[in-house]
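Beneath this line is the structure, given in structure tokens, with notes to follow.
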Amino acid sequence: MSNTTKNTGLEPTHVCDLADLVVNNNDSIVSRTLMKSPSGSLTLFAFDAGQHLSEHTCPFDATAHVIDGAAEIVIDGSPHEVFAGQIVLMPANVPHAVNARQAFKMLLTMFKAER
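Laid out in structure tokens, this is it:
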């Protein structure tokens, strides 16, 4: 592993269950950064039902991989229902938002866009 990668949640060669690395909390959004480098990051989120991230943009391409539960992810004004086991790409610099219709967990992978 290079010096520029910060590992804050995963141990090399250690196998773990993603859903167990973050816990849902009442009326909250909980996040845990698993890895971070100048080229991107890997962050695990747990949303309680009714929580949301308002519309925003990011200079990175990002994938939202739902680990548990379901959510609505709005990308450029279009809502997408995503369920456990599904993944969606949110392109860099395109507005997006996340709405937790029920408690859910997702793995957010961000990586530098090459456009």
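Per the numbering used here, residue 34 is the first one in the sequence shown, and the count goes up by one each step. Where a beta carbon is used, it is the ideal one built from N, C-alpha and C, also for glycine.
I'd like to know if residue i contacts chain B, where contact means its C-beta is closer than 8 Å to some C-beta of that chain.
i	result
Ser-87	Judged by its chain identifiers, the structure shown contains no chain B, having just a single protein chain.
Helix, strand or coil: which one does DSSP assign to residue i?
i	result
Asp-53	helix
Met-130	For clarity, residue 130 is Ala in the given sequence; the question names Met instead. If DSSP states are grouped into helix, strand and coil, Ala-130 belongs with the strands.
His-47	coil
State buried or exposed for residue i, treating a residue as buried only when at least 16 other CB atoms are found within 10 Å of its CB.
i	result
Lys-138	buried
Ala-83	First, the residue type needs correcting, since residue 83 is Gly and not Ala in the sequence shown. So Gly-83 counts as exposed.
Provide the residue span of the beta strand (DSSP E) that contains residue i, from first to last.
i	result
Val-79	Sequence inspection shows Ala at residue 79; the Val mentioned does not correspond to that position. Counting along the chain, the beta strand (DSSP E) containing Ala-79 begins and ends at 73 to 80.
Thr-66	62 to 70
Leu-43	Unbroken run through Leu-43: none, as it is neither H nor E.
Since residue i and residue j are thought to touch, with beta carbons under 8 Å apart, how far apart are those beta carbons, to the nearest angstrom?
i	j	result
Thr-96	Ile-120	5 Å
Starting from the N-terminal side, write out each stretch of the beta strand (DSSP E) that is 3 residues or longer and does not extend beyond the stretch 89 to 117.
-> 93 to 101, 103 to 108 and 111 to 116
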